[in-house]
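Q:
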Amino acid sequence: QDANKNQSLELVELNPPDPWLTDPRGAQELEAGEVTITYLTHACMQLKLGQRTMLFDPWLTGPAFARGWWLLHQPPEDSFERLCKADLVYISHMHSDHLSYPTLKTVSKKRPDLPIYVGDTSRPVFWYLEKSGITLTNINVVPFGVWQNIDEHLRFMILMDGVHPEMDTCVVVEYKGHMILNTVDCTRPNGGRLPTGVDVMMSDFAGGASGFPMTFTGGKYTEIWKAEFIRNERKKLLNYKAQLVKSLQPKIYCPFAGYFVEAHPSDLYIKTTNTKNNPDDLNALIKKNSPGITTWTPKPGSVLDLGVALKDPSRKAGQIESPNSAKTYKDSWDFSLYLDELSLAIDAEFFQHKSWIPFYYNWAGFKNYNLVIRVIETNDDFEPVFGGYDYLVDFLDLSFPPRRPDRAHAYLEIKNRIGVMRHVVKHGLLWDNLYIGFQNRISRDPDVYHHRFWNHFQIELPTTGPDWDLFLQKL
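In this text, residue positions in the sequence shown follow the numbering used here: the first is 536, and each later residue adds one.
(1) Quick test of your reading: residue 975 and residue 949, contact by CB under 8 Å. State the CB separation rounded to the nearest angstrom.
(2) Using 8 Å for Cβ pairs, my map puts residue 942 next to residue 927. What's the rounded Cβ distance?
(3) Taking all protein chains shown into account, do 16 or more other C-beta atoms lie within 10 angstroms of the C-beta of residue 821, making it buried, or fewer, making it exposed?
(4) Taking only three categories from DSSP, how would you classify residue 794?
(5) Does the Cβ of residue 576 have 16 or more other Cβ atoms within 10 Å, making it buried, or fewer, making it exposed?
(6) In angstroms, rounded to a whole number, what distance separates the CA positions of residue 648 and residue 592?
(7) Would you decide whether residue 759 is buried or exposed? Buried here means 16 or more other CB atoms lie within 10 Å of its CB.
(8) Evaluate residue 856 with the Cβ neighbour count: other Cβ atoms within 10 Å of its Cβ, from every protein chain shown; 16 or more gives buried, anything less gives exposed.
(9) Count the other CB atoms, across all protein chains shown, that sit within 10 Å of the CB of residue 843; report buried if there are 16 or more and exposed otherwise.
(10) Bridge partners of residue 737, per DSSP?
(11) Please state whether DSSP places residue 957 in a helix, a strand or coil.
(12) Classify residue 1008 as helix, strand or coil using the three-state DSSP reduction.
(13) Provide the residue(s) that pair with residue 978 in DSSP beta bridges, ordered along the chain.
(14) My parser needs the beta strand (DSSP E) runs of 3 or more residues fully inside the stretch 636-685; what are they?
(15) For residue 885 versus residue 603, is the C-beta spacing smaller than 9 Å?
(16) Is the number of C-beta pairs between the stretch 715-723 and the stretch 746-763 that are closer than 8 Å three or more?
(17) Per DSSP, what kind of secondary structure is residue 555 in: helix, strand or coil?
(18) Give every residue of the same chain whose Cβ lies closer than 7 Å to the Cβ of residue 563, excluding the five residues on either side of it in the sequence, and list them in chain order.
(19) Residue 988 bridges to which residues according to DSSP?
(20) Assuming the contact rule is C-beta atoms closer than 8 Å, residue 680 and residue 554 should be a hit. Round their C-beta distance to whole Å, please.
(21) My output table needs one value for residue 971: the three-state DSSP class, helix, strand or coil.
(22) Using only the alpha-carbon positions, how far apart do residue 637 and residue 629 sit?
(23) Quick one: Cα of residue 570 to Cα of residue 586, how far?
(24) Going by alpha carbons, who is nearest to residue 861 out of 878, 834, 876, 845?
(25) According to the Cβ coordinates, are residue 792 and residue 736 closer than 9 Å?
(26) Among residues of its own chain, excluding the 5 on either side of residue 672, which ones have a beta-carbon nearer than 6 Å to its beta-carbon?
(27) Are there 16 or more other CB atoms within 10 angstroms of the CB of residue 984, so buried, or fewer, so exposed?
(28) Does residue 576 come out as helix, strand or coil in the three-state DSSP assignment?
(29) Name the residue from 730, 788, 808 whose alpha carbon lies nearest to the alpha carbon of residue 762.
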């Protein structure tokens, strides 16, 4: 429910609706080893397509969403080598479990000209690249629904999401007439129109990629209510994915892009509460609804040989398990390396001057909305920090009152971990680091979702960060 009825989600009509039917190619027989798919971790797959290799969404090291998400699966030891040698890389969208700056920082030192392909979203996927200080010289922004020809046998097409066209994309890869469909995190990929009968389909499945309801407090948000809500939401997601797979009838289906963990000790509550779907449960549901579809749930380093699989009626023959010596789950994450980097922002000079608050929110540019927020800087346990800021923002007129106004208004109280909040403010980052990254606690009155507010701060902030040097000069 949105507090502003005029701000409902809008489904986007895509034209032509079935662009993959342009210039159709018949399927040719594949040799063993000609097309292989290797799972590395989370949403990262390596595709060998004849003489070419392609990688999806390489998140191989470091956290995502500031410090809230960490890799559950241990990537194979040679994952960075595979990435650096790739002929092309597809990055689906700007969320940091898909566009991983720690990963790309490592890659850029060895191969800054790595060919990366992204969709032409209204919010550029690499909007933060220049400020990140990372050098990547071969980023290709391609239009939606148009085949990108790599060689005589290989081509791919990026499609937009129908619900979040400003950000999310999915991809169809075709080699010798055989299609691989990766819908990634799309809510309604290509507006619901997708190729049927593809050789391989992969999609997310796990859920849990939101602060709601785990980070909400007060009112109905008891532990019992949260547990019941999460259980129902996961079940709905599982049923939706199973129905989508049934409607598209791929030969092989792979659940992926859900293998993250709230590993930092300070997030034990989230880790315990934010239960995820089990891929085996989804596979069982698919097998019940669609017995003709083969499922593949790989561990890091596992391989699917498509040429072998297609010759086997059960399609199981092409599934090659990772070596017994391969490690499946991560057990260390270099927390201090990344948390220390976040904490550097705490002592930034401009935070000594309270006028940073109006400077920042004027830069953010959100106003003319009857919402008041109270922002409180806290420690890791969400207790106020001595000397931290505690302030109100009235978005109706973008003022910063000492107390809540007398008029009727919606109210949010947001407690943010100080290191993450100041890092976000300093660098002009999106608030998904706070919200999706579980770095805040939220209460609201009345209990309604303010789509305009969250959409602005999670997607629509200016792509050029605040000029803090100018701020200091003007003091």
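Idealized CB from N, CA, C, for every residue including glycine.
A: So, from the data block:
(1) 5 Å
(2) Contact doesn't hold; Cβ gap of about 14 Å is too wide.
(3) buried
(4) coil
(5) buried
(6) 17 Å
(7) exposed
(8) exposed
(9) buried
(10) 717, 789
(11) helix
(12) helix
(13) 948
(14) 651-654, 674-677
(15) no
(16) no
(17) helix
(18) 711, 712
(19) None, per the DSSP bridge assignment.
(20) 4 Å
(21) coil
(22) 13 Å
(23) 9 Å
(24) 834
(25) no
(26) 647, 648
(27) exposed
(28) strand
(29) 808
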